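In what follows, a structure is listed as structure tokens, so that the remarks can point back to it.
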Amino acid sequence: MAERRDDAPDKAREEFFSEASELVDGFGRHLLALEESVENGHGPDPETLNDIFRGVHTLKGLSGLFGAATLSGLSHELENLLDDLRLGRIPLSTAVLDLLFDAVELYGRILSALKGEEAEPREEVLTLLASLAAVSNERSGNVAFIAEYELDPETLGVLTEYEEHRLRSNLQAGLALYRLKAKFPLATIDSALEELKLRVRPVGEIITYLPTGDGGDLDAIDLEILVASRSAAAELRQAVDSDAVSVDEVKKRDLSQARTPPAPRVGERTDDSAMDLPDGRETPSPPPVEDDEPAHASMHPAPHATEAVVMPAAAGGRDISLRSVSQTVRVDIRKLDRLMNALGELSLVRGALLRYAEKLRSEPGTRRLGMDLLGVHRAFERQLAQMQSGILEVRMVPLGQVFDKLARIVRQVSREQNKSVHFVVTGGETEIDKLIVEELSDPLLHMIRNAIDHGIEPIPERAAAGKPDTGTVALNAYQQGNHVVIEVEDDGRGIDPHAVLHKAVTMGLVSMEEAKSFSLEEAVSLVFMQGFSTRDTATAMSGRGIGMDIVKTRIAKLGGLVDIVSEVQIGTKITLTLPVTLAIVGVLTFVVEATVYCMPLSSMEEAVVFDSALVREVDGREVMTHRGVTLPVVRLARLFSEPPAPQRATKQFLIVARVGTRRLGMVVDRLIEQQDVVIKALGRTLAHVRGFAGATDLGDQRVALILDVPSLIEECLTAAEGRRANDASLAFRFGERS
């Protein structure tokens, strides 16, 4: 027996929360798609309903295994409601959709309670359970007659309740019914069926797959496939486009002929289905088969599941097993972190190898050995780069994981505020480090809530301003070099900079004299100050101050930058600029006096020889004209209070750093090299010191601090430079990308 690891319970717990969260996120995502389908007049999409049902069914089993009784009980009642929806027993009304969205929110709160982050929402769960039970009690008894069609009684007898419902619904809607006959090799049946489904879906719905034949061919399987479609037979044949599949329309029976009663459903008893046994007992009927999944459900396996479909024993007496193995695995992010640390150590080995190779090559007696070692170093470097690229790729996840949750928040807040809001999302496929995605949820939540709550006006106010009744909140994401840019825009009332300044002075955050020197842009940026709030003046301006200091703090910890642009009655745009990854980063190492520092290459625009003669003072700060543009300059030796080196550098360099649209020139004494490093977190002593993102081991017994370029730019850019950039104009228009 395998030895039980002490950390097994913790791993099981982490797996549970990870998988449960994925299922809940999928539930919410499918609900939004379902609501959109209904609002567009297409009715509830059967595939989407099935996906939701399967997810809740899986969550019920998962929570039962974990012992989460509340989660399991809610899932059970929700599963009943979803089954009624799938089978057409109840209509998908707005009230039912609201209940489903409430369930998603409660799922999240229950999971948080299980983690110990909040109290369990018992009262809310009981209220929702009562509402779900009330809706389920309103089932309609819709009886269908499918026997008018030329279908074998045996075929009707093996249809599940769901398949019978889909067949009835499609026939009642006037769709034609087709019988497809196909023969597929067992070795490729999964891919063949998936391809067939993709071909059929644009023109029809597959009701069921039924195996036929006598099983004589052990290497192939005959299937009869029922398809409902509005298309003609010729169009369906063209869509299928396969000689291995025949298409025939299922006609209605001649009503003048006697109707053959349909075969009983599996688990049902006919009047003579029981016979008396000698002792007076009846032959028991076979137990009913649970038919909560359609026959083609195996085409959509549950996430991370491995399914096995076992065919009946063939003539030769052997069982044939068809396995569809999942192509994805779940990996703990900490394991990837350990791999990244190992790569960092290998990078140090690479550096040492290069130094030894160069040393050997410089000596006459070992030059040949040094050349050979350089070749080994180059091969090692290529393989290391591939490993690094592969691990970084694994860490990347699409931002859509966060954006999907925000769509539910928009729906919820807009309803609470009785506002009409159109939520536009672009760039959800943009990828970023998993650790960054996890930290983005709260900042984006604050921004979206404030955009709706305090940015988008009520309908009467929008009408008076000549705006459409429906406000727009847009969430855009795109990659810009080694950074990811996320923009949150709205076409609401905007932020009044004068009102913000007045509020800041009233709260004592700035003095009256300081307020007089603020530009319009700087005034708007005051909403990021700690303690700033506009709660009691929300009618005068957009209440962006609520929680915005949290946004700035969180983004800064991720090595990012926050910019805000707003214009009264036009709208507001908040831009987040973030690094793609926080794991391995390329850096430029340089010397300031006698100390070595690193700067991420992703924040570096260029490095040039510094000419001090070009520097001039403006408002007490150093600036210079660089490539025709005014560039603020900071001398890092002075900023970091570095003691003078024994030997002063005769030539200095200017590193031009850039994050988003902001640029800053940093004066250093010597440039060393570019290299890839693993960022190590700073200890508690330095963790709260602004200007440093972490530290790294350079491999030659040197440890260097890595600059936090966004925070340095934030600290060093002058108020005067801000006034020059945007003194009199806030040239923001909704939809423009700065």
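Residue 651 in numbering that gives the first Met the number 0 is what sits at position 652 of the sequence shown, and the numbering runs on without skipping anything.
Heads up, the beta-carbon is just placed ideally off N, CA and C, and yes, glycines get one too.
Predicted model only: the values in this text are computed from it and were never measured.
Query: Can you tell me whether V308 is buried or exposed, with buried defined as 16 or more other CB within 10 angstroms of its CB?; Result: Residue confidence is low: V308 scores 36 on pLDDT, short of 50, so the model does not pin down where it sits. No coordinate-derived value is stated.
Query: Excluding the 5 residues flanking A32 on each side, which residues of the same chain have their C-beta closer than 8 Å to its C-beta?; Result: D44, T47
Query: What would DSSP say about N39, mapped onto helix, strand or coil?; Result: coil
Query: Between T594 and the rest of its own chain, which residues show a CB-CB distance below 7 Å, the 5 nearest in sequence each way excluded?; Result: E641
Query: Since V95 contacts Y177 with CB under 8 Å, what's their CB separation in whole angstroms?; Result: Not a contact, Cβ separation roughly 32 Å.
Query: Tell me the rounded alpha-carbon separation between V688 and L638.; Result: 13 Å
Query: What residue range is occupied by the uninterrupted beta strand (DSSP E) comprising F771?; Result: The requested residue 771 does not occur in the structure, where the chain is confined to residues 0 to 737.
Query: Using alpha carbons as the reference points, say which of L613, V484, V579 lies closest to L600.; Result: V579
Query: So if DSSP puts L670 in a beta bridge, which residue, or which two residues, is it bridged to?; Result: F589
Query: Residues in the same chain with beta-carbon distance under 7 Å from Y355, minus the five sequence neighbours each way, listed in chain order, please.; Result: L372
Query: Run through the segment 198–245 for me and flag every whole alpha helix (DSSP H) of 4 or more residues, listed as ranges in chain order.; Result: 232–239
Query: Quick check for students: name the residue ranges of the alpha helix (DSSP H) that lie wholly in the segment 440–521, counting only runs of 4 or more.; Result: 458–463, 496–505, 511–515
Query: With a cut-off of 8 Å on the beta carbons, I'd call L663 and C715 a contact; round off their distance for me.; Result: 6 Å
Query: For G427, which of L398, Q479, V436 has the nearest alpha-carbon?; Result: L398
Query: Start and end of the beta strand (DSSP E) containing Y161?; Result: Y161 -> not in any beta strand (DSSP E); alpha helix (DSSP H) instead, spanning 160–171.
Query: Hey, could you find the ends of the beta strand (DSSP E) I89 is sitting in?; Result: That residue, I89, is in no beta strand (DSSP E); it is neither H nor E in DSSP.
Query: To the nearest angstrom, how far is it from the Cα of N340 to the Cα of R701?; Result: 17 Å
Query: For R689, does the three-state DSSP call read helix, strand or coil?; Result: coil
Query: Would you call the CB atoms of R407 and V202 closer than 8 Å?; Result: no
Query: Would you call the segment 555–575 in contact with the segment 373–391, where contact means no fewer than 3 C-beta pairs closer than 8 Å?; Result: no
Query: Rounding to the nearest angstrom, what Cα-Cα distance links E35 and R448 in this structure?; Result: 21 Å
Query: Does the separation of the CB atoms of L500 and G530 fall below 8 Å?; Result: no
Query: Just to confirm the assignment, what range does the alpha helix (DSSP H) spanning G389 have?; Result: 366–394
Query: Going along the chain, which residues of its own chain have a beta-carbon closer than 8 Å to the beta-carbon of L342, five neighbours each way excluded?; Result: L383, M386, Q387, I390, I583, V677
Query: Using CA atoms only, rank isn't needed, just tell me which of L195, P210, G107 is closest to A238.; Result: L195
Query: Are three or more beta carbon pairs between the segment 424–440 and the segment 448–467 nearer than 8 Å?; Result: no
Query: Would you call the CB atoms of V586 and I705 closer than 8 Å?; Result: yes
Query: Taking the alpha carbon of D24 as the point to measure from, which residue in G619, G54, R12 has its own alpha carbon closest?; Result: G54
Query: How big is the Cα-Cα spacing for L670 and G693?; Result: 20 Å
Query: Excluding the 5 residues flanking L697 on each side, which residues of the same chain have their C-beta closer than 6 Å to its C-beta?; Result: A703
Query: Can you tell me whether E117 is helix, strand or coil according to DSSP?; Result: coil
Query: Using C-beta distances below 6 Å, list every residue in its chain close to E357, excluding the 5 sequence neighbours before and after it, in chain order.; Result: none
Query: Taking C-alpha atoms, which residue in G480, A68, L444, H421 lies nearest to V658?; Result: G480
Query: Where does D675 sit, in a helix, a strand or coil, going by DSSP?; Result: strand
Query: Whole-angstrom Cβ separation of I654 and F589, contact assumed at under 8 Å?; Result: 7 Å
Query: What would DSSP say about A644, mapped onto helix, strand or coil?; Result: coil
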